[in-house]
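Undergrad: The numbers in UniProt numbering rise by one with no breaks, and the one at position 168 of the sequence shown is 168.
Sharing a structure, written as structure tokens. Questions coming.
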Amino acid sequence: MTVLQIIRESFSLLSKRHKWMLAAITAIQMATGALDLAGVLILGLVTVLSVVAVSGEALPTSVQTLVDRLGWAGVDPISIAGWLCLIAGCALVLKTVVNALLARKTLRFLANRQASLSGELTAGLFRRPLLEVMSRASQDVNFLLTVGAQAATVSVLGAASAATADVALLAILGLGLTVVDPVVTVFTILFYALLAIVLQRTMAQWASRLGFENTFVDIESYVKIGEALSSYREVTVLDRRGLYVERIQALRWQSARVSADSQFMSAIPKYVFDVALVVGAIALGVSQFVVKDTVAAIGIVAIFLVAGSRILPALMRLQGASLEIRRAEAPAMRVFELARDLKSNSHEVLSLGVTNPIEIRNRLKAGFPDFHPAIEVEDVWLTYEDSDEPAVAGVTFSLPEGASLALVGSTGAGKSTLADLILGIVVPDSGRVTFGGVSPAEAVTKWPGGIAYVPQEVSLANGTVRENVTLGLPREAVDDRWVWEALERAHLATYLRDFRDGLETPIGENGMRISGGQRQRLGIARALYTKPRLLVLDEATSALDAETEQAIAQTMQDLEGQVTTVTIAHRLATVRHCDLVLYLEAGRVVGRGTFAEVRKQSPAFDHQAQLLGL
């Protein structure tokens, strides 16, 4: 992508109102260039007046005419120079102050746009179905929502706004200097323009390559560090910590090299333009003293040197802005792709739900008296994008409200996929799933907390017990009595009461400070906290000891008639008392009924039961 294309893409991420705001800020910055021009011309005039006062020579005709028109005829040149110095100083100081205020406004504006973009992308991503969200690596998403969003807004738009103002400044100074000496102005513009073009051509690809390399290194670092920490037990037992340390160190060394190269590259224009200023000043001085009288030559040289003090920083900022945009290209492009994808209408968009703490608490306290989760699944089909065979094929069944369903079958039979369809986090290709005529997505929106899920591998936050049981709820919406009640039902309350901090007990990242069985029970407590009417369990007791498993099973039995339960079972002993058992093979139901009835229908299921002594 070209620099202009990158800027255009970033600009398109803004709302119409924010586009106008950025344009207004940039326009004011551009207008301040007139103050620079006034300061430059006045300081040049001051130089001429000072030389005349010292040498005693007559003023050049053009300067004398200007002095006469200003009504200063006969006034001492030193006095005029003093007043002009004051005016020039005020103009340049005013310009600096205005630019400082505008810079503060611009930075705040862009920082707010970064936060807004991150929020919009997060909301857009969280509105997507499970399969689309899970197809993205968590480290990649984390990078895009933070570093990527900053690159697409603060880096690109900030550099573009500053560059536009600097282009305007150069144009204003160029027009003003043309009036003073057109020939010198043309040669000056050509000299610096050629220099800038050579620098741009030389460094653009380098900056872009460094940007892409930095993006790769940052994401890969996130991946390796997260991988090592999440599997620390296995890494330790296999004695591979040293390997991970070497890989992470290698990535950080690579990152250090990229960072150093980027900083050096940013400094190159300064060195080049410093040399250019010296060469240009010498060439200008020699040429002017050859073709003009001393006073006029000094005036021209002074004006162009003062102008150069404003032009060179502007050129360096322009060069820096171009390099900054090139460095931001890689992460920004990833953000552009994500934004376009999330704006696509090719997928079902889900509701984000209620966020007001008081409303959440009131809804939970009211319960779900009008939610009647009698499950109806009608000829449901689903094929994953990367597969030719359906994961669920023509499944149909009904489950009355308050009844229990067991999904059994070998690995890959479609049990978890069917459960995801019931939960509404996966949408079927055809057929439908309803709860009393209401789709799962509508049920989640209408009765938040009325449906709960316990995965086989419970994901825990690096927080307290309370925060993990209430998962994302703000503190104002949490009722500690409900938390303890859920922990009692999950047979975890007794264990926690031995701790001084109680519900404030930290559990570490992903529950590192508690056992596997306790993590699973914490997941069960999380599901039971909202007192749901539909509960889906994916082998939720696999990590429990026999006594605790029996106690949890009793808790589930106590819910019969009140809560509709769906259990994905690998251990058949846990589903013998379910009202309906569905035995799946290759996504199809090949046996249905009570546990005993399915044994008669399916020799494979009966064989598994016999192996377990059932």
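We put the beta carbon where it would ideally sit given N, CA and C, even for glycine.
Which ranges would you report for the beta strand (DSSP E) in the segment 363 to 426 if only whole runs of at least 3 residues count?
TA: 375 to 382, 392 to 399 and 404 to 409
Undergrad: Residues in its own chain within less than 8 Å of Gly-174 by CB, not counting five upstream and five downstream?
TA: Within the sequence shown, residue 174 is the residue found at index 174, counting from 1. Excluding five sequence positions before and after Gly-174, the CB atoms of its chain that fall closer than 8 Å to its own CB belong to Thr-185 and Ile-189, given in chain order.
Undergrad: Would you kindly check if the distance between the Cβ of Val-536 and the Cβ of Val-563 is under 8 Å?
TA: Position 563 of the sequence shown, counted from the start, is the residue given in the question as residue 563. Position 536 of the sequence shown, counted from the start, is the residue given in the question as residue 536. Not a contact, by the Cβ cut-off of 8 Å.
Undergrad: I need the DSSP call for Phe-435, collapsed to helix, strand or coil.
TA: Here the question's residue 435 lines up with position 435 in the sequence shown. Secondary structure of Phe-435 (DSSP, three-state): strand.
Undergrad: For Val-278, does the three-state DSSP call read helix, strand or coil?
TA: Walking along the sequence shown from the start, residue 278 turns up at place 278. For Val-278, the secondary structure class from DSSP, reduced to helix, strand or coil, is helix.
Undergrad: With a floor of 4 residues, list each alpha helix (DSSP H) that falls wholly inside the segment 200 to 259, ordered by position along the chain.
TA: 232 to 237
Undergrad: Measuring only the C-alpha atoms, how far is Gly-437 from Gln-150?
TA: As a first step, residue 437 is located in the sequence shown; it is residue number 437 there, counting from the start. As a first step, residue 150 is located in the sequence shown; it is residue number 150 there, counting from the start. Cα to Cα, the separation comes out at about 45 Å.
Undergrad: Can you check the segment 485 to 555 for any alpha helix (DSSP H) of at least 4 residues that lies completely inside it and give the ranges in chain order?
TA: For the segment 485 to 555, whole alpha helix (DSSP H) runs of length 4 or above, ordered along the chain, are 493 to 497 and 516 to 529.
Undergrad: Measure the Cβ-Cβ separation of Thr-574 and Ala-553 and say whether it is below 8 Å.
TA: Position 574 of the sequence shown holds residue 574. Position 553 of the sequence shown holds residue 553. Cβ atoms of Thr-574 and Ala-553: closer than 8 Å.
Undergrad: Would the beta-carbon of residue 619 fall within 8 Å of that of Phe-371?
TA: Since the first residue of the chain shown is 1 and the last is 614, residue 619 is not available in this structure.
Undergrad: Could you have a look at Ala-452 and say whether DSSP puts it in helix, strand or coil?
TA: Along the sequence shown, read from residue 1 onward, the residue named residue 452 stands at position 452. It is a strand residue.
Undergrad: If I'm right that Ala-23 touches Ala-152 with Cβ under 8 Å, what's the distance once you round it to whole angstroms?
TA: On the sequence shown, residue 23 is found 23 positions in, with the first residue counted as 1. On the sequence shown, residue 152 is found 152 positions in, with the first residue counted as 1. Their Cβ separation, rounded to whole angstroms, is 18 Å, which puts Ala-23 and Ala-152 out of contact at 8 Å.
Undergrad: Following the continuous alpha helix (DSSP H) through Glu-17, name the residue where it begins and the one where it ends.
TA: As a first step, residue 17 is located in the sequence shown; it is residue number 17 there, counting from the start. The displayed chain sequence assigns Arg, not Glu, to residue 17. 16 to 31 is the span of the alpha helix (DSSP H), which, as asked, contains Arg-17.
Undergrad: Going by C-alpha distance, which of Ser-12, Trp-83 and Thr-26 is nearest Val-46?
TA: Taking the first residue of the sequence shown as position 1, residue 46 is located at position 46. When each option's Cα is compared against that of Val-46, the closest is Trp-83.
Undergrad: Closest to Pro-455 by C-alpha separation, out of Ala-569, Leu-338 and Asp-261, would be which residue?
TA: Here residue 455 refers to the residue found at position 455 when the sequence shown is read from its first residue. For Pro-455, the closest C-alpha among the options Ala-569, Leu-338 and Asp-261 is that of Ala-569.
Undergrad: Report yes if the C-beta distance between Leu-157 and Leu-110 is below 8 Å; otherwise report no.
TA: For this step, residue 157 is matched to residue 157 along the sequence shown. For this step, residue 110 is matched to residue 110 along the sequence shown. The answer is yes: Cβ separation under 8 Å.
Undergrad: By Cβ distance below 8 Å, which residues in the same chain neighbour Arg-317 in space, the five residues on each side in sequence not counted?
TA: One-based indexing of the sequence shown puts residue 317 at position 317. For Arg-317, where only same-chain residues beyond five positions count, the Cβ hits under 8 Å are Ala-162, Ala-163 and Asp-166.
Undergrad: Does the segment 576 to 585 touch the segment 397 to 407, meaning 3 or more C-beta pairs lie closer than 8 Å?
TA: yes
Undergrad: Figure out for me which residue from Ser-387, Ile-225 and Leu-14 has the closest Cα to the Cα of Gln-249.
TA: On the sequence shown, position 249 is the one that residue 249 refers to. Comparing Cα-Cα distances from Gln-249 to each of Ser-387, Ile-225 and Leu-14, the minimum goes to Ile-225.
Undergrad: Expressed to the nearest angstrom, what Euclidean distance is found between the alpha-carbon atoms of Thr-2 and Thr-202?
TA: Mapped onto the sequence shown, residue 2 falls at position 2. Mapped onto the sequence shown, residue 202 falls at position 202. Rounded to whole angstroms, Thr-2 to Thr-202 spans 15 Å at the Cα level.
Undergrad: From Leu-131 to Gly-412, what does the alpha carbon distance come to, in whole angstroms?
TA: Within the sequence shown, the letter at position 131 stands for residue 131. Within the sequence shown, the letter at position 412 stands for residue 412. Near 16 Å, if we compare the C-alpha coordinates of Gly-412 and Leu-131.
Undergrad: Can you tell me which of the three DSSP states Val-469 falls into?
TA: The residue given as residue 469 occupies position 469 in the sequence shown. It is helical.
Undergrad: As a quick exercise: from Met-512, Val-279 and Val-98, pick the residue whose alpha carbon is nearest that of Leu-195.
TA: For the purposes of this step, residue 195 is taken as residue 195 along the sequence shown, with counting starting at 1. Here the closest residue by C-alpha is Val-279.
Undergrad: Within the same chain, show all residues whose beta-carbon is closer than 8 Å to that of Ser-255, passing over the 5 residues directly before and after it, in chain order.
TA: Within the sequence shown, numbered from 1, the residue matching residue 255 stands at position 255. If the five residues before and after Ser-255 are omitted, its C-beta is found closer than 8 Å to the C-beta atoms of Asn-214, Val-217, Asp-218 and Ser-221, all from its own chain and listed in chain order.
Undergrad: Quick one: grab the DSSP three-state call for Ser-593.
TA: One-based indexing of the sequence shown puts residue 593 at position 593. For clarity, residue 593 is Gly in the given sequence; the question names Ser instead. In the structure shown, Gly-593 adopts extended strand secondary structure according to DSSP, grouped into three states.
Undergrad: Three or more beta-carbon pairs under 8 Å between the segment 421 to 437 and the segment 485 to 495, yes or no?
TA: no
Undergrad: How many angstroms separate the CA atom of Ala-160 from the CA atom of Arg-8?
TA: The residue given as residue 160 occupies position 160 in the sequence shown. The residue given as residue 8 occupies position 8 in the sequence shown. Going from the Cα of Ala-160 to the Cα of Arg-8 covers about 10 Å.
Undergrad: Can you say whether Ile-78 is buried or exposed, counting buried as having 16 or more other CB atoms within 10 angstroms of its CB?
TA: Numbered from 1 along the sequence shown, position 78 holds the residue referred to as residue 78. Ile-78 comes out exposed.
Undergrad: On the CB-based measure, 16 or more other CB atoms within 10 Å of its CB, does Ile-358 come out buried or exposed?
TA: Sequence index remark: in the sequence shown, residue 358 carries index 358 (1-based). Here Ile-358 is exposed. Its C-beta has fewer than 16 other C-beta atoms within 10 Å.
Undergrad: Taking buried to mean at least 16 other C-beta atoms within 10 Å of its own C-beta, is Ala-171 buried or exposed?
TA: Residue numbering aside, residue 171 sits at position 171 when the sequence shown is read from its first letter. When all chains shown are included, Ala-171 counts as exposed.
Undergrad: Is there contact between the segment 84 to 98 and the segment 32 to 42, where contact requires at least three CB pairs shorter than 8 Å?
TA: yes
Undergrad: By Cβ distance below 7 Å, which residues in the same chain neighbour Thr-32 in space, the five residues on each side in sequence not counted?
TA: Walking along the sequence shown from the start, residue 32 turns up at place 32. Same-chain partners within the cutoff: Lys-95, Val-98 and Asn-99.
Undergrad: Would the segment 505 to 515 count as touching the segment 469 to 485 if we require 3 or more Cβ pairs under 8 Å?
TA: The segment 505 to 515, when compared against the segment 469 to 485, does not touch it at the 8 Å Cβ threshold.
Undergrad: When the Cα of Gln-608 is compared with those of Arg-576, Arg-588 and Leu-338, which residue comes out closest?
TA: The residue given as residue 608 occupies position 608 in the sequence shown. It is Arg-576.
Undergrad: With 16 other CB atoms within 10 Å as the buried threshold, where does Ser-344 fall?
TA: To locate residue 344, count along the sequence shown from 1; it is residue 344. Ser-344 should be labelled exposed.
Undergrad: Can you tell me whether DSSP reads Leu-582 as helix, strand or coil?
TA: Translated into the one-based positions of the sequence shown, residue 582 becomes position 582. Reduced to three states, the DSSP call for Leu-582 is strand.
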